[in-house]
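Residue numbers (the UniProt record's numbering), protein chains in the order written: chain R, 1 to 490; chain A, 1 to 420. These notes are about the structure you will find just below.
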């Protein structure tokens, strides 16, 4: 696949930040290219995090985190239906179990009010336990944030990407950036593994690798240090253990280990926080899993460990001083940093996009609104959510909606084919999973994995042996060895 | 459109087909099998090895061979309807079934009696929490079996298998025959969970090492699996520090247990047995909800398909009687309890009816391996049955026929236990 040779703006990185910026820019009459090193968007921090719509009481007043969190929370409410992003506004509780922690709750409430978080309230023990009977009886009180919630992090990223593509953004996957090319202190383009894209503006939304990208342009002003967080995900049968997002009282370094429903009706615990060196290390460890289980038990003692269905780890893109880096590069004209986006980056993403647009304009990019911007994604058929009569209707239109491929999550072949041919379509088994939930259930793709592989091969017109799990070389199956011997003999 | 049937069977594997044939034999006029795959036979279709049907047909058949015999019998009966490529979405307690397929769309079916024969599924990596990354190359043994035997692809070329359940053992041999190198089979317990004949024929005959009391502590690899770290475990199944060693491989297969697939059973709140993970049934395989029956691996995971078929017949016969209003009501219910070394027993209770009693087969599994032991079945201090066993293993089901006269004598709880 060839890539464009020029663009007005190149966005580096297809995470939630990069795609949110792409979508925001697609409202204007400019040529935008987004380059992503992996075969899909949402392959880094955006695919493995807590999926929390944060209320915004954590961050220091006046910080970028605080501003973009509260603004982002508000923006999602305006756009989530148009884009088809799954969000549940279930609220969150920060649970205190000591006098010291109760004092922290008060601080959080004050801080939250200063940040502009609406509706914060400190609940007494009785009220908390009435709402959340499975919490530890050691609870002394909790901070209730009604604007907190849960959302699908990769779903949001894919939704932004789909809408950006519909509105003219080109997304180039498997297109790692080798260098931001700078001439006389100004960006002149982006050198990628697939060729050079001439552009005056580059947005660095490269997540964990944003410091490498910045350095390639000669801006060494920040470092990204990966901070690993591990999770355990539980079956839907135990999701009613808690009704809201349960945070422990935070420490200085971390929001602590959560117990929370997911937006799709599972339950998760995590994350821990472990500073590491390798930006590709997403391994879970026995010690780490023990740590999050022990941590979660502090707020919810009776964890249904028998119902765990998977574990995973994600990496936060942490910077030295802890705040987001959203600004024009001090040393390279035309490069805008959207870096160091750790929690609450998912919530903040649409607000970060707004800020970046403003910076681009300050930098001299002329942005005129498109007349024909389409703010909505095409409505996705979600078979399992439909009533029986609605199901009959969609099957009449396309019989593939009548074939269940993923039994655990009731996902049809029609939905899988739709996901593959979406504007930012799935090219991998995990890409299908993130778009349809096929393989997300209790059998973890044991049954549907081979079938999804076959559908991908058919729809992409490639051999089964070229179908990948998620990353560039994550091939799943091999031809039989006897076949190879035969072909060697010929 | 409403379709009416006497007996509707959910799942067209060996239990379901046997149930359909048996229901017809008993007199059910309209029988329906709903199968989600494109053909009948269930998991048998991917089990191309032999060893099926020794009890049933006194022959050694392959999985598809065994399935084929039943498929022919089912197809020969015009009163058994079969819906293929059809998934049941919902079942209601009043026996209305909602199903879907690409040809007919949404289907609503009314049954007089329902038999659950959905089989079982495999435990996954997530369920046993192995640390490491999520590189490609980790599969359940059954998924790999389907790819090799039905689709014609290999899951890897250098393979480690965790778990010595039968599917894992069979796949060790199968992949070796396909030219892959099976590096080792690791088993957490100090004994294999598979049939002894499979340990011999699938591992020993091919010089594949079996490491008992071992587990995998980490999977390596970023894109594709590159190896695993193994370790020895102590008697409490805890990793012994310092015992770790690495094995290079590009594929990890998991054969770490099977779980009866009872999603539908739970939606209608059937009483469940937490040890078998299946519904609690009586000797007719009737569940806690009258008119709902269950048979085969959905009730408890079997070792031999022959017994699955047999259980299907029991359920089919009883469900047909129920549909025809001929299943006698229980005068009393006698619970059967597994104790003293016996972990599970099916059926979990007997429905004693006024009709002439029939003998009852009890299917049991022990909790851990035992040698020179006596199986004792008693009720209210009275011995109903004893059998000396040279060996008893969790991987091999114990089947006992309780004679008719003993069954009708019982008034109190029956206990099954092992005595030294």
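The beta-carbon is built from N, C-alpha and C at its ideal position, and this holds for glycine as well. This one's a predicted model, so the numbers in the text were calculated from it and none came from an experiment.
(request) Within its chain, find whatever has a CB closer than 7 Å to the CB of residue 200 of chain A; leave out the 5 residues flanking it on each side and keep chain order. (result) none
(message) Looking at chain R, is there any beta carbon in it that lies within less than 9 Å of the beta carbon of residue 8 of chain A?
(response) no
(message) My output table needs one value for residue 177 of chain A: the three-state DSSP class, helix, strand or coil.
(response) helix
(message) What residue range does the beta strand (DSSP E) around residue 189 of chain R cover?
(response) 186-192
(message) Just checking: is the beta-carbon of residue 476 of chain R within a distance shorter than 9 Å of some beta-carbon in chain A?
(response) yes
(request) Have a look at the DSSP bridge pairing and note the partners of residue 230 of chain A. (result) A:216, A:245
(message) Is the beta carbon of residue 234 of chain R closer than 9 Å to that of residue 304 of chain R?
(response) yes
(request) Determine the chain R residues that contact residue 193 of chain A at a beta-carbon separation under 7 Å, and present them in chain order. (result) Those within 7 Å of residue 193 of chain A in chain R number zero; the least Cβ separation is about 18 Å.
(request) With 9 Å as the threshold, decide whether the Cβ of residue 3 of chain R is near any Cβ in chain A. (result) no
(request) Could you give the DSSP three-state label for residue 283 of chain A: helix, strand or coil? (result) coil
(request) Please list, in chain order, all residues of the same chain as residue 269 of chain R whose beta carbon is under 6 Å from its beta carbon, the five residues on each side excluded. (result) 232, 259, 292, 296
(message) Residues of chain A with CB closer than 9 Å to the CB of residue 479 of chain R, please, in chain order.
(response) 152, 153, 154
(request) Spell out the partners DSSP gives residue 92 of chain R in its beta bridges. (result) R:145, R:245
(request) Could you list which residues in chain A have their beta carbon closer than 7 Å to that of residue 311 of chain R, in chain order? (result) 126, 129
(request) Provide the residue(s) that pair with residue 58 of chain R in DSSP beta bridges, ordered along the chain. (result) None; residue 58 of chain R has no bridge partner.
(request) For chain A, find out if any of its Cβ atoms is closer than 9 Å to the Cβ of residue 277 of chain R; answer yes or no. (result) no
(request) Could you tell me whether the Cβ of residue 376 of chain R comes closer than 9 Å to any Cβ of chain A? (result) no
(request) Please state whether DSSP places residue 190 of chain A in a helix, a strand or coil. (result) coil
(request) Answer yes or no: do residue 315 of chain R and residue 352 of chain R have a C-beta to C-beta separation smaller than 9 Å? (result) no
(message) If you follow the beta strand (DSSP E) that residue 122 of chain R is in, where does it begin and where does it stop?
(response) 121-124
(request) Could you name the residues of chain A that residue 154 of chain R contacts, counting a contact when the two beta carbons are closer than 9 Å? (result) The premise fails here: residue 154 of chain R is roughly 14 Å from chain A at the closest Cβ pair, so nothing lies under 9 Å.
(request) Ignore the nearest five residues each way along the sequence and tell me which others in residue 176 of chain A's own chain have a CB closer than 8 Å to its CB. (result) 182, 206, 208
(message) residue 121 of chain A and residue 443 of chain R - do their beta-carbons sit closer together than 9 Å?
(response) yes
(message) Comparing C-alpha positions only, which one of A:261, A:178, A:58, A:81 sits nearest to residue 158 of chain A?
(response) A:178
(request) Could you tell me whether any Cβ in chain R is nearer than 9 Å to the Cβ of residue 142 of chain A? (result) yes
(request) Pair every Cβ in the stretch 239-249 of chain R with every Cβ in the stretch 211-228 of chain R, then say whether three or more of these pairs are closer than 8 Å. (result) no
(request) Within 10 angstroms of the Cβ of residue 14 of chain R, are there 16 or more other Cβ atoms? Answer buried if so, exposed if not. (result) buried
(request) Taking C-beta pairs closer than 7 Å, name the residues in chain R that residue 133 of chain A reaches, listed in chain order. (result) 282, 283
(request) Could you confirm whether any beta carbon from chain A is found closer than 9 Å to the beta carbon of residue 294 of chain R? (result) no
(message) Could you compute how far the alpha carbon of residue 416 of chain A sits from the alpha carbon of residue 301 of chain A?
(response) 19 Å
(message) Quick check: what's the CA-CA separation for residue 339 of chain R versus residue 145 of chain A?
(response) 45 Å
(message) Between which residues of its own chain and residue 279 of chain R is the CB-CB distance below 6 Å, once the five residues before and five after are set aside?
(response) 208, 226
(request) Give the range of the beta strand (DSSP E) segment to which residue 261 of chain R is assigned. (result) 258-261
(message) Under 8 Å, CB to CB, which of the residues in the stretch 80-98 of chain A have a partner in chain R?
(response) 85, 87, 89, 98
(message) For residue 396 of chain R and residue 236 of chain R, I'd like the C-alpha separation in whole angstroms.
(response) 30 Å
(message) Helix, strand or coil for residue 343 of chain A? Go by DSSP, reduced to three states.
(response) strand
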